[in-house]
Every structure is written in structure tokens, then in C-alpha cells.
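Enquirer: For reference, the structure I am asking about is given below.
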Amino acid sequence: MADKEALRKLEGLHTAETAAKELGIGRQSAINLLSRLRKEGYVTVNGGGKQPRLYRIMMRKQRPRSPGMFDIINRYSPMKLAPWYDHQVHGHYGPEEAVVDAIQAQSFRAMLASLRLFNHITDWPMLYRLATEKGIWQKVGALYDVAGMYFRERKMPLRYQHPTLKKKESLIKDYPTEMQSFLSIERKWNVAVPFRKGDIAKVMNP
């Protein structure tokens, strides 16, 4: 079967099994085809391990990309995230950008897993600039202080340890602070922290 015809039939999201069924070939043959198309730039892969491996097939070649939010978080956090969209990144992307994107995603799990990124922050001025541009610096600060209660982290310069907005915020909209030990963080940053003890345990080392 010509690759162009295979791409036309498979365009979209597939597992190896659904790709094999769509093309009328065996599962291993489908995996071999998808692997070759991936090398040629037509396929990206998400998942793996305990999560189903998902192949995103495009008719046009996709530009090589740098690791995105899911890649960076999964590199450093014991709690892995299954990507729920293809986070395309081109150019430099590191823990600083991943923290900002985790907050912007408004995902409880992404923010929880991002707690482990603060030991890998090397450019505080850039993180401060990115977060203030998005109006979320106080949320970054709240996450930083939560992380500092449980994990090693790179020290934030004192000049950045203050909220930039007076408005009361929540890490997740309409979710209040649950733990007494986080109330001081809420008062400092004006941000409600909805994590519970059981949530924190998920990002502790096994």
C-alpha cells in the first residue's frame, strides 16, 4: 500500500490496533509502518508504559519539535501525565515554561506534578517575566512554597518572593484551600491551594 494512501486513511489519532484494522493488515505490520512514518515526520507518539500508545498521523510532515510540557513534567515527576493534546513546541523549552503552561492549562494533575519542577529552575528572571505577562506569578509563588514544604528546590531570589496582584486567586477556580498547613501560603500569595495530603503523596518518590 502506498504511504500516501495509508496517510489518507489513517489521518487522525490511532492505536496500533485501530491502524491495523483500518488498513487491513497485521498489528506488527502496522507498528512497522507507523514507526517508519514517524521517522519521516508524519507521525507523533504519546503515551506508552501503562498508558495506551497513541499515534497522531498527519498528511503533511510535522516540523521537528522540542520536548513540551508533558515531556518535561514526566521527566522530573514520579507522577506521570498522559498527554490529552499534542503540545507542539519549537525552540527552547524547559522547566520554566512548563510551570507556566501547567498553570495555564488549569489542570489539577498538571499543577500537582509541576511541583517537582522547582528543583530544576535555572532562570528565575525568565520565569518571573513569563508568569507576570500571563498574570499568574502569584500562582507560581504559591506552587513554589508548597513544593518547598516537601521537596528540594532551587532557591527563589528574595526580590521575586511577593505577589504581583492584590486580587484573590485560586490555583483551580472555585476550589478553596483544604489543608491548614497551606493557609500561610494562601495569605502570603493571595492564592487558594486545593491540594490535600493524599494528592502530595502522589508526587513523592516511590
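In case it helps, the numbering used here puts the sequence shown at residues 111 to 316.
C-beta atoms are modelled at their ideal positions from N, C-alpha and C, and glycine is treated no differently.
Spatial neighbours of Gln248 within its chain, please: CB distance less than 8 Å, with the 5 preceding and 5 following residues excluded, ordered by chain position.
Expert: Taking the sequence shown and counting its residues from 1, the one referred to as residue 248 is at position 138. Once the five neighbours on either side are set aside, the close Cβ partners of Gln248 are Pro273, Thr274, Leu275, Glu279, Trp299, Asn300, Val301.
Enquirer: Tell me whether Arg306 sits in a helix, a strand or coil according to DSSP, three-state version.
Expert: For the purposes of this step, residue 306 is identified with residue 196 of the sequence shown, where counting begins at 1. Three-state result, Arg306: coil.
Enquirer: Which same chain residues, not among the five before or five after Ser217, have their C-beta less than 7 Å away from its C-beta?
Expert: Position 107 of the sequence shown, counting from 1, holds the residue named residue 217. No residues qualify anywhere along the chain.
Enquirer: In this structure, how does DSSP classify Ser294 when only helix, strand and coil are distinguished?
Expert: Taking the sequence shown and counting its residues from 1, one reaches residue 294 at position 184. Three-state result, Ser294: helix.
Enquirer: Starting from Arg163, follow the beta strand (DSSP E) in both directions and report where the run begins and ends.
Expert: Locating residue 163 in the sequence shown gives position 53, counting from the first residue. Its beta strand (DSSP E) spans residues 161 to 167.
Enquirer: Using the rule of at least 16 other Cβ atoms within 10 Å of the residue's Cβ for burial, across every protein chain shown, is Gly136 buried or exposed?
Expert: Position 26 of the sequence shown, counting from 1, holds the residue named residue 136. Gly136 is exposed by the Cβ-count criterion.
Enquirer: For the region 174 to 186 and the region 125 to 141, state whether three or more C-beta atom pairs, one from each stretch, are separated by less than 8 Å.
Expert: Verdict: no, contact absent.
Enquirer: Going by DSSP, which residues form a beta bridge with Ser217?
Expert: As a first step, residue 217 must be located in the sequence shown, where it is residue number 107. None, per the DSSP bridge assignment.
Enquirer: So, with DSSP's three-state summary, where would you put Asn184?
Expert: Your numbering for residue 184 matches position 74 in the sequence shown. Of the three classes helix, strand and coil, the one that applies to Asn184 here is helix, per DSSP.
Enquirer: For Met259, does the count of other Cβ atoms within 10 angstroms reach 16, so buried, or fall short, so exposed?
Expert: Residue 259 sits at position 149 when you count from the first residue of the sequence shown. By the 10 Å Cβ count, Met259 comes out exposed.
Enquirer: Would DSSP call Ser224 helix, strand or coil?
Expert: Position 114 of the sequence shown, counted from the start, is the residue given in the question as residue 224. Helix, per DSSP.
Enquirer: If I measure Cβ to Cβ from Lys312 and keep anything under 6 Å in the same chain, skipping five residues before and after, which residues do I get?
Expert: The sequence position of residue 312 within the sequence shown is 202, counting from 1. The answer, listed in chain order, is Met189.
Enquirer: Expressed to the nearest angstrom, what Euclidean distance is found between the alpha-carbon atoms of Gln214 and Lys149?
Expert: Locating residue 214 in the sequence shown gives position 104, counting from the first residue. Locating residue 149 in the sequence shown gives position 39, counting from the first residue. Each residue's alpha carbon lies about 31 Å from the other.
Enquirer: Which residues mark the beginning and the end of the alpha helix (DSSP H) in which Gly258 is found?
Expert: Taking the first residue of the sequence shown as 1, we reach residue 258 at position 148. Run containing Gly258: 247 to 260, per the alpha helix (DSSP H) assignment.
Enquirer: If you drop the 5 nearest sequence neighbours on each side, which residues of the same chain put their C-beta closer than 7 Å to that of Ala192?
Expert: In the sequence shown, residue 192 corresponds to position 82, counting from 1. Excluding residues within five positions, the ones whose Cβ falls inside 7 Å are Gly157, Gln161.
Enquirer: Taking C-alpha atoms, which residue in Leu164, Ser145, Tyr186 lies nearest to Tyr195?
Expert: Within the sequence shown, numbered from 1, the residue matching residue 195 stands at position 85. When only C-alpha atoms are compared, the closest one is Leu164.
Enquirer: Around the C-beta of Pro286, are 16 or more other C-beta atoms found within 10 angstroms, so that it is buried, or is it exposed?
Expert: The sequence position of residue 286 within the sequence shown is 176, counting from 1. Exposed: under 16 other Cβ atoms inside 10 Å.
Enquirer: State the CB to CB distance for the pair Asn229 and Arg264, rounded to an integer number of angstroms; the pair is presumed to be in contact (CB under 8 Å).
Expert: By 1-based counting over the sequence shown, the position of residue 229 is 119. By 1-based counting over the sequence shown, the position of residue 264 is 154. Rounded, the Cβ-Cβ distance is 6 Å, consistent with contact.
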